[in-house]
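Here the structure comes first, spelled out in structure tokens, and everything after it is commentary.
Protein chains: 2
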Amino acid sequence: MSIKHALMGLLAKGPHHGYELKASLEEQVVPLSSLNFGQIYSTLDRLERDGLVTHRLVAQEERPDKKVFALTDAGHRELRAWLRSPSTVPLDLRNETFLKLMLARSLAGLDGAQSAQGVVAAERRASFERLHEVAQMRFRAAEAGTPAEVVLLLDLASLRLEAFLKWLDRCEEVLL
Amino acid sequence: MSIKHALMGLLAKGPHHGYELKASLEEQVVPLSSLNFGQIYSTLDRLERDGLVTHRLVAQEERPDKKVFALTDAGHRELRAWLRSPSTVPLDLRNETFLKLMLARSLAGLDGAQSAQGVVAAERRASFERLHEVAQMRFRAAEAGTPAEVVLLLDLASLRLEAFLKWLDRCEEVLL
DNA sequence: CGCAGTATATATATACCGAGTATACATATC
DNA sequence: GATATGTATACTCGGTATATATATACTGCG
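Order-wise, the sequence lines are chains A and B.
So the first sequence is numbered by my numbering: it starts at 5 and just counts up by one.
So the second sequence is numbered by my numbering: it starts at 5 and just counts up by one.
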């Protein structure tokens with residue numbers, strides 16, 4: 005997920021400069037993770053290059069000027085179009101675990117190569133650990149009074165992990 | 005998923021040049037999708053820079069020389085280590101749909117903004133369509149006698165889509 | 001039949017782009 | 001001396017598009 009539309013979304017509510025935007029994003033949009041300034045600034049540059057935002061400089065005493073960005077009309081249109089269109093996760097028929105399984109099978113017999121069973125076992129163990137981590141994060145979030153929306157991100161993480169675990173079972177049936 | 009370890013895996017079975025490797029990858033490792041030559045060659049260059057592979061030139065008449073790559077000892081070690089370690093998908097607590105939902109809510113009321121309900125509905129529709137696509141691919145694969153392993157990739161795709169649909173239900177409960 | 005034109009296979013290299021990380025540069029405040 | 005305010009630059013990595021050659025195979029037309 006790129007940060008591009010997140011920036012546009014914040015700018016739809018009014019002009020802001022990069023430093024502010026970073027803080028808002030971390031609070032509202034990607035809670036539980038953090039961003040890099042370089043990413044914010046270069047994304048804003050690209051948005052400006054593409055005519056989706058403009059900036060004006062606001063002078064300050066004893067500090068670098070602020071670059072206050074605002075969404076252009078084209079930016080508003082683009083944002084609305086993006087909100088209306090479903091996410092474009094392109095099916096993704098390549099998968100690292102699958103690759104490991106294929107390689108483990110074809111390399112069977114070579115010096116100290118991992119077996120396909122071993123791969124499945126390692127992945128399963130790791131996934132269970134992650135599932136546990138997520139559960140803990142969720143518990144801590146509940147304690148800290150984290151808003152329900154944020155917990156949704158954790159829900160998604162565990163649903164994904166569960167799906168992956170189911171898939172590992174299926175792999176075992178088919179391959180072993 | 006990067007192509008780096010896939011290349012190393014193929015080279016573990018013997019030396020090959022870029023052009024061959026591309027074909028093997030498409031056949032064995034990322035069936036159902038295709039690769040770009042630039043990616044193969046630049047990944048091989050990086051592997052060589054990092055001491056994981058070496059190449060020697062094999063002259064040919066009337067054609068460019070082949071660059072035949074072979075896995076180094078360090079490469080073998082790295083490959084085995086990678087095969088032993090579980091996939092490192094880092095939990096990923098950012099999600100495009102979540103972003104859309106947050107923005108739809110906070111922009112509610114602005115000019116022609118999409119509602120959160122609308123976002124969920126659009127995502128759901130798109131996911132069902134994809135699920136249908138996957139089912140069709142699966143059917144065609146079965147007809148074409150596609151190996152069972154390849155079908156596993158389709159299984160993963162549908163398990164993921166189902167998990168995502170469940171999550172959308174959950175979003176609706178929490179947000180609407 | 002022959003020939004021109006076109007697609008495809010063999011083989012690599014380069015330029016470019018977007019996303020993300022690391023780091024440098026300033027100053028003020030706690 | 002750490003932390004907050006503010007921006008900029010260089011770099012890496014994964015990936016796409018395109019340029020550069022040549023050989024072979026197919027296709028249609030006169």
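Ideal Cβ placement from N, Cα and C applies to all residues, glycine included.
Treat the numbers as computed from the prediction; the structure is a model and nothing was measured.
{"Item": "Neighbour flag for Arg50/B against chain A, beta carbons, 9 Å", "Value": "no"}
{"Item": "Spatial neighbours of Val124/B in its chain, beta-carbon cut-off 7 Å, leaving aside the 5 residues before and after", "Value": "Leu172, Cys175, Glu176"}
{"Item": "DSSP state of Val57/A mapped onto helix, strand, coil", "Value": "strand"}
{"Item": "Contact check, Glu82/A vs Leu56/A, beta carbons under 9 Å", "Value": "yes"}
{"Item": "Chain A contacts from the region 139–159 of chain B (Cβ-Cβ distance under 7 Å)", "Value": "Ala152, Glu153, Leu156, Leu157, Asp159"}
{"Item": "Neighbour-count burial assignment, Glu65/A, 16 or more Cβ in a 10 Å radius", "Value": "exposed"}
{"Item": "Strand pairing of His21/A, partner residues [DSSP]", "Value": "Val72/A"}
{"Item": "Where the alpha helix (DSSP H) containing Thr150/A begins and where it ends", "Value": "Careful: Thr150/A lies outside any alpha helix (DSSP H) and carries neither H nor E."}
{"Item": "Closer than 7 Å at the beta carbon, the chain B residues around Val124/A", "Value": "Here the premise fails: no neighbours, minimum Cβ distance about 10 Å."}
{"Item": "Beta carbon proximity, Asn40/A to chain B, threshold 9 Å", "Value": "no"}
{"Item": "Within-9 Å CB hit, Pro35/B to chain A", "Value": "yes"}
{"Item": "Of the residues Met12/B, Ala148/B, Ala161/B, His21/B, the one placed nearest Asp77/B, counting alpha carbons only", "Value": "Met12/B"}
{"Item": "Selected residue, minimal CA-CA separation from Arg60/B, among Leu158/B, Lys71/B, Leu114/B", "Value": "Lys71/B"}
{"Item": "Beta carbon proximity, Phe102/A to chain B, threshold 9 Å", "Value": "yes"}
{"Item": "Alpha carbon of Arg88/A to alpha carbon of Glu52/B, nearest angstrom", "Value": "45 Å"}
{"Item": "Within chain A, the residues that Arg88/B reaches when beta carbons sit closer than 9 Å", "Value": "Gln118, Gly122, Val123, Ala126"}
{"Item": "Secondary structure of Val62/A, DSSP reduced to three states", "Value": "strand"}
{"Item": "7 Å Cβ shell around Val155/B - same chain, five flanking residues per side excluded", "Value": "Arg142, Ala145"}
{"Item": "Under 8 Å by beta carbon: chain B residues contacting Glu166/A", "Value": "Ala167"}
{"Item": "Under 8 Å (Cβ pairs) to chain B, residues found in the region 11–32 of chain A", "Value": "Gly13, Ala16, Lys17, Gln32"}
{"Item": "Host alpha helix (DSSP H) of Gly79/A (start-end)", "Value": "77–88"}
{"Item": "Distance CB(Leu105/B)-CB(Glu153/A) smaller than 9 Å", "Value": "yes"}
{"Item": "Beta-carbon proximity check, Leu158/A vs Val138/A, cutoff 9 Å", "Value": "yes"}
{"Item": "Near-chain B residues of the region 64–79 of chain A (beta-carbon distance less than 8 Å), N- to C-terminal order", "Value": "none"}
{"Item": "Closer than 9 Å at the beta carbon, the chain B residues around His9/A", "Value": "Glu100, Leu103, Lys104, Leu107"}
{"Item": "Neighbour list for Arg181/A in chain B, Cβ cutoff strictly below 8 Å", "Value": "Outside the shown range of chain A (5 to 180) lies residue 181/A, about which nothing can therefore be said."}
{"Item": "Extent of the continuous alpha helix (DSSP H) to which Leu14/A belongs", "Value": "8–15"}
{"Item": "Spatial distance of Lys26/A from Gly18/A (CA atoms)", "Value": "15 Å"}
{"Item": "Chain B contact for Leu61/A (CB, 9 Å cutoff)", "Value": "no"}
{"Item": "Limits of the unbroken alpha helix (DSSP H) element including Arg98/A", "Value": "First-last for Arg98/A: undefined, no H or E at that position."}
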